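S.K.: Residue numbers (numbering that gives the first Met the number 0): 0 to 110. Don't be surprised by glycine CBs; every beta carbon is placed ideally from N, CA and C. Treat the numbers as computed from the prediction; the structure is a model and nothing was measured. Below is one structure. I have some questions about it.
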Amino acid sequence: MKPENKNFFERVYEVAKLIPYGRVTSYGAIAKYLGAARSARMVGWAMNSSGKHEDVHAHRVVNKKGLLTGKHHFQGTNLMQQLLESEGIEVIDNQIQNLEKHFWDPATELS
């Protein structure tokens, strides 16, 4: 499918698939990369709807402060945290520790 024919959610999923193991990004960083800097909430909606796409790494997308704001969309009480911790990311009180170390900015990494 040509990029101009893809809807916003599909474009979000393409970026989320590229987030490397052991790294995270934010809703806002994806929105900014897609040229929709003020659409972080729409990225969140896309992540909430990503369950049918097994290759979309929704657990690696957090808010700008590293909070696991999407965790209630995962099965089980702490699945999002468990997935991140299995990749070597420390989470305390639903917040990623050393966010700067783990942060992956698509605008920098994919340019």
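Tell me which same chain residues have a C-beta within less than 7 Å of the C-beta of Gly82, skipping the five on either side of it?
M.R.: At residue 82 the sequence reads Leu, which differs from the Gly that was named. Closer than 7 Å at the Cβ level, and outside the excluded window around Leu82, lie His58.
S.K.: Using a 10 Å radius around the Cβ and a threshold of 16 neighbouring Cβ atoms, would you call Pro30 buried or exposed?
M.R.: Reading off the sequence, residue 30 comes out as Ala, not Pro. The residue is buried, with at least 16 neighbouring Cβ atoms inside 10 Å.
S.K.: Considering only their Cβ atoms, is the gap separating Ala39 from Asp104 smaller than 8 Å?
M.R.: Not in contact: Asp104 and Ala39 (Cβ atoms no closer than 8 Å).
S.K.: Provide the residue span of the alpha helix (DSSP H) that contains Gln74, from first to last.
M.R.: Looking at the DSSP string, Gln74 is not in any alpha helix (DSSP H), and its letter there is neither H nor E.
S.K.: Could you name each continuous alpha helix (DSSP H) segment of 4 residues or more that falls completely within the region 58-104, going from the start of the chain to the end?
M.R.: 78-85 and 98-101
S.K.: Taking the alpha-carbon of Ala15 as reference, which of Lys5, Asn6 and Tyr26 has the nearest alpha-carbon?
M.R.: Tyr26
S.K.: When the Cα atoms are used, what is the spatial distance from Gly65 to Met79?
M.R.: Cα to Cα, Gly65 sits roughly 13 Å from Met79.
S.K.: How would you call Ile114, buried or exposed, if buried means at least 16 neighbouring beta carbons within 10 angstroms?
M.R.: Because the chain here runs from 0 to 110, residue 114 falls outside it and cannot be looked at.
S.K.: Checking 8 Å against the spacing of the C-beta atoms, do Val42 and Leu67 come in under that value?
M.R.: no
S.K.: Is it buried or exposed, Ala106, if we count other Cβ atoms within 10 angstroms and call 16 or more buried?
M.R.: exposed
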